[in-house]
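Residue numbers (full-length UniProt numbering): 1 to 399.
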């Protein structure tokens, strides 16, 4: 059975409706979206529990911790981004700091490198009709000297550039980093970093992971079918909002948590055939989304994919734009990654021996920009349905 690498996980949004014409089953409550990439040729080399599954599960664990603290908020997390940033750090960590990273991630970069390179190569391949851009970089203070193995391994494993930045002038450094991200994503990701994340005196290094994704759904939501419909939020209040709709054949199914809570799931594939949007939602309106989230893992999602069957269903989704900024420090500490946030314990000797480093990880920008029935690029409308995602991780190392 193929395994899934998760690019964008997940968005807890207030409402969705799926109805089966045969039985007319309607659901109006929070749902869970996943953009999943399936790579049979990659994961077959790493079974029984593939490395990409481990990387994704790290992101799911982080997501679960955030849901506990923000049960009613929209939450967007990228397991691929988390695996990349933590992997980049793992290359520079030593001692107990490295051990904590390896324990939580459950793999070492030496093992995961081959897999990450294959995944990154596959998702940005010209054979993939969806637009995916991935950019990794380490920006270091002008007078800082990095350890050669850290630089060369990051370049080899993560295709990561190492560049200089003038952190003494936060505005200038911010502009330089944003210009690089903008260039690497062909102008699609703008202003990833804000100057207030930098400290002109203490900041020594910034890690950047940016992903841009734009995909057209294989089965289109036609603009003429978009109408204002009742949107029921998590608090039970109703609103009239534009909703996409289509009646078509989709792979879908249902399952239950170990405690017996049933939920449904459906796959909306993108036209590139490599990436799909998966939607899961409870079957009973009285069951909160937070009740099924702890049950969801990469293995769970793999089981969805393997048990789905084609059915003719009506799918109704709200047009939406979701924006989230999340500080990942507390979720990672709960999972056991603590030393790198403590200046007296953080050990990044393999990055540089010039100064002590404390790491502060922040998800600076992660945006699902316009799930809609009209695909737009710049100002030209191409008349297609799409999901557009911009996401970025910013990690700052300070002395």
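Every residue gets a Cβ at the ideal spot worked out from N, C-alpha and C, and that includes glycine.
DSSP state of residue i mapped onto helix, strand, coil
i: residue 28; result: With a pLDDT of 38 at residue 28, under the threshold of 50, the modelled position of that residue is not reliable, and the figure given next carries that caveat. Residue state, collapsed to three classes: coil.
i: residue 43; result: The predicted position of residue 43 is uncertain, since its pLDDT is 37 and thus under 50; a value taken from the coordinates is nonetheless stated next. Correct three-state label for residue 43: helix.
i: residue 308; result: coil
i: residue 149; result: helix
i: residue 220; result: coil
i: residue 213; result: strand
i: residue 229; result: strand
i: residue 201; result: coil
i: residue 154; result: helix
i: residue 106; result: coil
i: residue 279; result: strand
i: residue 378; result: At residue 378 the pLDDT is 35, less than 50, meaning the model places this residue with poor confidence and gives no usable figure here.
i: residue 346; result: coil
i: residue 60; result: helix
i: residue 160; result: coil
i: residue 88; result: helix
i: residue 65; result: helix
i: residue 320; result: strand
i: residue 187; result: coil
Cβ neighbour criterion (16 or more within 10 Å) applied to residue i
i: residue 262; result: exposed
i: residue 313; result: buried
i: residue 228; result: exposed
i: residue 346; result: buried
i: residue 209; result: buried
i: residue 247; result: exposed
i: residue 339; result: buried
i: residue 331; result: buried
i: residue 132; result: buried
i: residue 153; result: buried
i: residue 344; result: exposed
i: residue 64; result: buried
i: residue 57; result: buried
i: residue 293; result: buried
i: residue 236; result: exposed
i: residue 178; result: buried
Separation of residue j from residue i, as counted between CA atoms
i: residue 320; j: residue 238; result: 16 Å
i: residue 158; j: residue 135; result: 9 Å
i: residue 250; j: residue 139; result: 44 Å
i: residue 181; j: residue 192; result: 8 Å
i: residue 201; j: residue 141; result: 11 Å
i: residue 281; j: residue 149; result: 46 Å
i: residue 100; j: residue 90; result: 10 Å
i: residue 173; j: residue 306; result: 47 Å
i: residue 68; j: residue 349; result: 34 Å
i: residue 137; j: residue 162; result: 6 Å
i: residue 156; j: residue 70; result: 37 Å
Whole-Å CB distance - residue i paired with residue j, under 8 Å assumed
i: residue 212; j: residue 188; result: 4 Å
i: residue 269; j: residue 259; result: 31 Å between Cβ atoms; not a contact.
i: residue 351; j: residue 315; result: Contact flag wrong, Cβ pair sits at about 47 Å.
i: residue 328; j: residue 61; result: The pair is not a contact, with the Cβ atoms about 11 Å apart (cut-off 8 Å).
i: residue 264; j: residue 254; result: 5 Å
i: residue 240; j: residue 226; result: Their Cβ separation, rounded to whole angstroms, is 13 Å, which puts residue 240 and residue 226 out of contact at 8 Å.
i: residue 78; j: residue 95; result: Contact doesn't hold; Cβ gap of about 28 Å is too wide.
Proximity test, residue i beta-carbon vs the ligand SAM heavy atom, cut-off 7 Å
i: residue 320; result: The model on display carries no ligand, and the ligand SAM is accordingly not part of it.
Interface flag, residue i vs chain C, CB-CB below 8 Å
i: residue 182; result: This model lacks chain C altogether, as it is built from one protein chain only.
- prompt: Any chance the stretch 163 to 179 sits against the stretch 198 to 208, with 3 or more Cβ pairs inside 8 Å?
  reply: yes
query: Does the pairing of the stretch 289 to 296 with the stretch 218 to 228 give three or more beta-carbon distances under 8 Å?
result: no
- request: Indicate whether the contact test is met: 3 or more Cβ pairs, each with one atom in the stretch 299 to 307 and one in the stretch 74 to 89, closer than 8 Å.
  value: no
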